[in-house]
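Student:
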Amino acid sequence: MKAALITFPGSNCDRDMAVAIKSVTGRAPIAVWHSETTLGDVDFIALPGGFSYGDYLRCGAIAARSGIIPEIIRAGKRGVPILGICNGFQILTEIGLLPGALMRNAGLHFICRDVPLRVETSQSVFTGGYRTGSVVHMPVAHHDGNYFVDPDQQKRLDDEDRIAWRYCTKSGEVTPQANINGSVGNIAGVLNESRTILGMMPHPERMIESAHGGTDGRPLFESALSMLATL
Amino acid sequence: MSDVITPAIIQEHGLNEEEYARIERVLGRAPNLLELGIYSVMWSEHCSYKSSRLHLKKLPTKAPWVICGPGENAGVVDIGDGQAAIFKMESHNHPSFIEPYQGAATGVGGILRDVFTMGARPVANMNALRFGAPEHLKTRHLLSGVVAGIGGYGNCVGVPTVGGETDFHPSYNGNILVNAMTVGVAEIDKIFYSAAAGIGNSVVYVGSRTGRDGIHGATMASTEFSEDTEEKRPTVQVGDPFTEKRLIEACLELMSTDAIIAIQDMGAAGLTSSSVEMASKGGVGFALDLSKVPCREDGMQPYEMMLSESQERMLMVLKPGHEAEAQAIFRKWELDFAVIGQITDSGNLSLTFEGDLVADIPVPSLTDDAPIYDRPHVQPSRRAPLSPDQVARPDDYGAALLQLMGGPNLSSRRWIWEQYDHMVMADTIQRPGGDAAVVRVHGTQKALAISTDCTPRYVAADPKEGGKQAVAETWRNLTAVGATPLAITDCLNFGNPERPQIMGQFVGAIEGMAEACHALDYPVVSGNVSLYNETNGTGILPTPAIGGVGLLKNAQRMAGLAFRRTGDRLILIGETKGHLGSSLYMMDCLGREDGTPPPVDLVAERKNGDFVRSQIEAGLLDAVHDLSSGGLAASLCEMALAGNMGARIDLAPLSLPAHAALFGEDQARYLLAVSKDNLAEILALAEKAGIDAVDLGETGGSSIHIADVLDVPLDDLRKAHEGWMPQFMARADL
Amino acid sequence: MKARVHITLKSGVLDPQGKAIHHALDSLGFSGVDDVRQGKYIELDLQETDREKARADVEDMCRKLLANTVIERFSIDLD
Amino acid sequence: MKARVHITLKSGVLDPQGKAIHHALDSLGFSGVDDVRQGKYIELDLQETDREKARADVEDMCRKLLANTVIERFSIDLD
Ligand SMILES: Nc1ncnc2c1ncn2[C@@H]1O[C@H](COP(=O)(O)OP(=O)(O)O)[C@@H](O)[C@H]1O
Ligand SMILES: [Mg+2]
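Residue numbers (the working numbering), protein chains in the order written: chain P, 16 to 246; chain Y, 3 to 736; chain H, 129 to 207; chain U, 129 to 207.
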């Protein structure tokens, strides 16, 4: 299994993601600099969190125009699984691999805390290790996680079972109070049509050992990477 | 080089007549305007420490584990396995008052640079903040801007902001304090210093371009710059964390090669102080061609370039032949890179611009010849100690507890730290809210514990005891998580040193700090002084903020403050005398700020702390918390809230009036939660060690129950404790 | 030539910043405000002197980078 | 009445966003750009119908909230 981890100027969760991938697969991902133009033969692509280009203009906007992006689009279309976390999610929407956009949090503040998430579907390489309907905890740390799609798109996402996680209460209710950032439908993460690309605001890579305060992020890497390991 | 230097211009440069005469004497001639500007910066309080230097010398700075004490960009201590922790704290008070977001942001940027300049990867940021009274008109706006600025910068560069402190007091109405601290980790054989060496070697400028940022206002009024005012107006420094992030990565990448001889960030007084410090430490001269300085704006003059405080810039001396290698790295990170001069053997700072020599100053005259003042100082008159019966009891203890825990000074700071990414780098194992933040040393079993503390009302009441207490409190906080305290950095915020009372506070605080550092084997390795924090003749409460760093050899042995098990016994360590003078209870509940502060017994401090640490290491404790502002009551509540579990205690064993037992702030104390099975053993060990240890009660239930005194449901307590700040800030969300 | 670009949210896209400003204006006592929308304003100094070409260039910049047409629309003014 | 407010950085104040956008335009091959500055654009729907009063109100809003006059300047257009 060969994983690629893309670093943009201003990425700052790239090391955390590499550590998570390595701790689960035993193999470090290859580091790919944004200006490279070939990816080679990879089975998995990770876009890390952080502040690519300082979040200037729009989060992810400038990164989405990097040299490596056409390669990522090609790989994505070929079915190579792609995981975008936080800024990585923002980049995936900017390049159009995922629908919608991430806007400023409704409360305008940056939010860093552990939040409960309801698993909405276990039907994907990424969420296969979770039980649909169960509640997990992961940290968020973002200023622009307010997910927007128009009502038609939102309905499609619902109908096609492409919503991976929603912000919920501790007991799993999806309520306005539990919606930390104003996202439509409390959406915290979405899949593409072929269910091989996941974008999410919460940080599973910061919840993979008990010293982090929990291990709810681990199954995501385990299921994605074990499925791939059999490739 | 002929400018007419008038008395008005001298005054605008913040120099007095005597100091100007001294410049003429050491230079052997009159300076031109550029040279005057350079002297004014180097001889400023900020760079020369002219009022404080004599007294700073009293601070102990050595220990076997200290690799580099004060004098470099940051202090360096050995943390084993060939690794070092590098840290420093710095103030950005005045800029943050003028423009809270950018002032605080650039404060964080500056302190980060001090740390990565030395070869360390920054791993944690802290911030110590002081604001005016909550009801003061500007407080919300300032707090909201400062917090957003610290978060905006730290979050973007990807260094977790893991802790700090926040106080409110009317003395800061016109002078808020924003002190930022950074801790980094480096390999001991890859630490970089600032002494330039090698005649002929290139002096290299990297980072952002130079603009007209923060050139000190008064000088701009001089005739030289009066035409075309709008364009040439000095401007507030704006932080660019994206550039800083690239600068960190580029510098660390270059540092992993063998190209750098010396490196120095451009902080206050940018190019002037960085070049002078590098030349002075290396005992060499610098010849710089200012035409080569990358500038952001057209038509910038040498005076502006030398005094600009543009952010995100560094100065380096490279080994011969390594320029291309270095340039390639900076190009990769899309940063400016320019060779702007050479090292010379002249001993002078020689500046040329467009082919003309525009300044030529012997370097030692800027540093060694700077004035030093022994300013007159008087100690405040001794206050009368207060006995508990001189301090009113609350009519309703439950209400008093809620008032304290839900008041501006003890309420939860969650509203602040949730705006900081405190988890990026995935090594934060004790998040904000505990005694000390703990971050793992990446890839090892070790962890660093960090805490910033100061109780200004104590320092005001008795500078020396207050200075001692600030140091002791950080030591206690590090101990409470199980860390061995290693060393401190400090940020000494005071009023106008030309007033003997203020100077007395400064001198007293330093004496107290020195005593505590000695007694606790806890030296000062870096620091910063911020004077003249004063508006209309009223100074701030004296605020020597201390940042302590400790080491946990085994991160798994870390202790926390949250109750974890019902039925645990609660042991109070340390002697409780019921000292209420200068307490938070008096300030918040009675509106009084009199009385002596609690005395700090450093022998007891050390003995009690070492005992607690050894019990943590032995794995005998379920929860640990130190006692400080708010006394036993506050610690008990904080442990209960953190664990979402109540407690029942009885104050009878303390044989004191209830308000003194609950709210007294006697030092050197800890509250421990231990399993019933370990109770007897721990009490016996304490007795053997000659340490006061009292069994007060047990954990459990859903309220704080104090026999015959109060019973407050945890839910009410949480509402008060978590509610104050969000409610206070609700109207300042922009 | 100078180009001024306004980037605003499409109608139907909720504007959290505008809403927060509106709320803050209310609490500051500015009562007569019905709606607030926040957008971006970008000034470009162009070497191009031909207006037609300049406009075409800037439109291209907006599509390729400056605006996210999923949620935003843009307008261009030339000096 | 509609008020349009432009908030821009004072000249000489560092504009990191403008700098990053400029750089990104360069790398996308838009070469003829000399400078980029980014600002904010705010549209307000006001109940006030008197132009003078509306302008005075909006100026007040700018000073008190919308603009940070330490580093920014603002301009107001009324419909
Ligand atoms: N209060 C203090 N205690 C100990 N060291 C101090 C203190 N104040 C300043 N120093 C030391 O003096 C040196 C110069 O400090 P400063 O001018 O603040 O550094 P910088 O130039 O990096 O901003 C530093 O090495 C600093 O650690
Ligand atoms: Mg420095």
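Backbone N, C-alpha and C define an ideal beta-carbon position, used for all residues, glycine too.
1) So, for residue 231(Y): in the same chain, excluding its five sequence neighbours on each side, which residues have a beta-carbon less than 8 Å away from its beta-carbon?
2) So which of 488(Y), 539(Y), 381(Y) and 569(Y) has the shortest CA-CA distance to residue 505(Y)?
3) For residue 722(Y), I'd like the list of residues in its chain whose CB is within less than 6 Å of its CB, leaving aside the five on either flank, ordered along the chain.
4) At the 8 Å Cβ level, is residue 141(H) part of the contact set with chain U, yes or no?
5) So residue 125(Y) packs on residue 275(Y), CB below 8 Å; how close in whole Å?
6) With a threshold of 16 other CB atoms inside 10 Å of the CB of residue 76(P), please say whether the residue is buried or exposed.
7) If you draw a straight line from the alpha carbon of residue 2(Y) to that of residue 15(Y), how long is it in whole angstroms?
8) May I ask which residues mark the beginning and end of the beta strand (DSSP E) holding residue 77(Y)?
9) What are the partner residues of residue 541(Y), as DSSP defines its beta bridges?
10) What does residue 134(U) touch in chain H if you count any residue whose Cβ is under 8 Å from its own?
11) Taking only runs that begin and end inside the stretch 130-179 of chain U, name each unbroken alpha helix (DSSP H) of 4 or more residues, in chain order.
12) Using the Cα positions of residue 161(H) and residue 170(P), report the straight-line distance between them to the nearest angstrom.
13) Three or more C-beta pairs closer than 8 Å, one from the stretch 473-482 of chain Y and one from the stretch 414-433 of chain Y: is that the case here?
14) So that I know if they touch, is there some Cβ in chain P lying closer than 8 Å to that of residue 157(Y)?
15) Where does the unbroken beta strand (DSSP E) through residue 728(Y) begin, and where does it stop?
16) Spell out whether any CB of chain H is found under 8 Å from the CB atom of residue 116(P).
17) Between which two residues does the alpha helix (DSSP H) carrying residue 158(Y) extend?
18) Pick helix, strand or coil for residue 177(Y), following the three-state DSSP scheme.
19) Quick one: what's got a C-beta closer than 6 Å to residue 736(Y)'s C-beta in the same chain, skipping five residues either side?
20) Going along the stretch 40-74 of chain P in order, which residues come within less than 7 Å of chain U, judged by CB to CB distance?
21) Taking only runs that begin and end inside the stretch 537-591 of chain Y, name each unbroken beta strand (DSSP E) of 3 or more residues, in chain order.
22) For residue 68(Y), does the three-state DSSP call read helix, strand or coil?
23) Using the Cβ count rule (16 or more neighbours within 10 Å means buried), how would you classify residue 56(P)?
24) Since residue 151(U) meets chain Y, which of its residues come closer than 8 Å, beta carbon to beta carbon?
25) Between which residues of its own chain and residue 391(Y) is the CB-CB distance below 8 Å, once the five residues before and five after are set aside?
26) Can a CB atom of chain P be found closer than 8 Å to the CB of residue 156(U)?
27) Straight-line CA distance for residue 46(Y) to residue 366(Y)?
28) Taking the beta carbon of residue 10(Y) as the centre, do at least 16 other beta carbons fall within 10 Å, making it buried, or is it exposed?
29) Measuring alpha carbon to alpha carbon, tell me which residue in 545(Y), 570(Y) and 644(Y) is nearest residue 466(Y).
30) Do you know whose CA, among 558(Y), 416(Y) and 468(Y), lies nearest residue 2(Y)'s CA?
31) Whole-angstrom Cβ separation of residue 263(Y) and residue 334(Y), contact assumed at under 8 Å?
32) What residue range is occupied by the uninterrupted beta strand (DSSP E) comprising residue 124(Y)?
33) Under 8 Å between the Cβ atoms of residue 107(Y) and residue 155(Y)?
34) Just how far apart, CA to CA, sit residue 106(P) and residue 18(Y)?
35) Can you tell me whether residue 432(Y) is helix, strand or coil according to DSSP?
36) Just to confirm my understanding: we take residue 158(Y), look at its own chain, exclude 5 residues before and 5 after, and list those with CB closer than 7 Å. What are they?
Tutor: According to the data block:
1) Confidence at residue 231(Y) is low in this model, with a pLDDT of 45, below 50, so its placement is unreliable and the value that follows should be read with caution. So no residue of the chain qualifies.
2) Checked all of 488(Y), 539(Y), 381(Y) and 569(Y); the closest Cα to residue 505(Y) is 381(Y).
3) If we look at residue 722(Y) and ignore the five residues flanking it on each side, its Cβ neighbours are 404, 407 and 408.
4) It does not; no Cβ of chain U falls within 8 Å.
5) A Cβ-Cβ distance of about 26 Å is found for the pair residue 125(Y) and residue 275(Y), leaving them out of contact under the 8 Å criterion.
6) By the 10 Å Cβ count, residue 76(P) comes out buried.
7) Since the first residue of chain Y shown is 3 and the last is 736, residue 2(Y) is not available in this structure.
8) Unbroken beta strand (DSSP E) run through residue 77(Y): 77-80.
9) BP columns for residue 541(Y) point to 536(Y).
10) Under the 8 Å cutoff, chain H gives 169.
11) Scanning the stretch 130-179 of chain U for uninterrupted alpha helix (DSSP H) segments of 4 residues or longer gives 144-155, listed from N- to C-terminal end.
12) Straight across, the Cα-Cα distance linking residue 161(H) with residue 170(P) is about 34 Å.
13) Because the criterion of three Cβ pairs below 8 Å is not met, the stretch 473-482 of chain Y and the stretch 414-433 of chain Y do not touch.
14) Among the CB atoms of chain P, one or more fall inside 8 Å of the CB of residue 157(Y).
15) From DSSP, residue 728(Y) is part of no beta strand (DSSP E) but of the alpha helix (DSSP H) over 716-731.
16) For residue 116(P), the answer is yes, since a Cβ of chain H falls inside 8 Å of its Cβ.
17) Note, residue 158(Y): alpha helix (DSSP H), 141-159.
18) Under the three-state reduction of DSSP, residue 177(Y) is assigned to coil, being neither helix nor strand.
19) Unreliable positioning characterises residue 736(Y) in this predicted model, as indicated by a pLDDT of 43, which lies under 50. The coordinate reading is nonetheless provided below. None.
20) Cβ contacts with chain U: 68, 69, 71 and 72.
21) Fully enclosed beta strand (DSSP E) runs of 3 or longer: 545-554 and 571-575.
22) Residue 68(Y) carries a strand assignment under DSSP once its states are collapsed to helix, strand and coil.
23) Here residue 56(P) is exposed: its Cβ has fewer than 16 other Cβ atoms, across all protein chains shown, within 10 Å.
24) Contact annotation for residue 151(U) against chain Y: 336 [CB-CB distance below 8 Å, chain order].
25) Hits under 8 Å: 659.
26) Under the Cβ distance rule, residue 156(U) counts among the residues neighbouring chain P, one pair being separated by less than 8 Å.
27) Roughly 15 Å between the two C-alpha positions.
28) Exposed, since its Cβ has fewer than 16 Cβ neighbours within 10 Å.
29) Ranked by Cα distance from residue 466(Y), the options 545(Y), 570(Y) and 644(Y) are led by 545(Y).
30) With chain Y covering only 3 through 736, there is no way to say anything about residue 2(Y).
31) Contact doesn't hold; Cβ gap of about 22 Å is too wide.
32) Counting along the chain, the beta strand (DSSP E) containing residue 124(Y) begins and ends at 123-133.
33) Yes, the Cβ-Cβ distance between residue 107(Y) and residue 155(Y) is below 8 Å.
34) Separation of residue 106(P) and residue 18(Y) (C-alpha to C-alpha, rounded to the nearest whole angstrom) is 57 Å.
35) Strand at residue 432(Y).
36) Around residue 158(Y): 243, 244 and 247.
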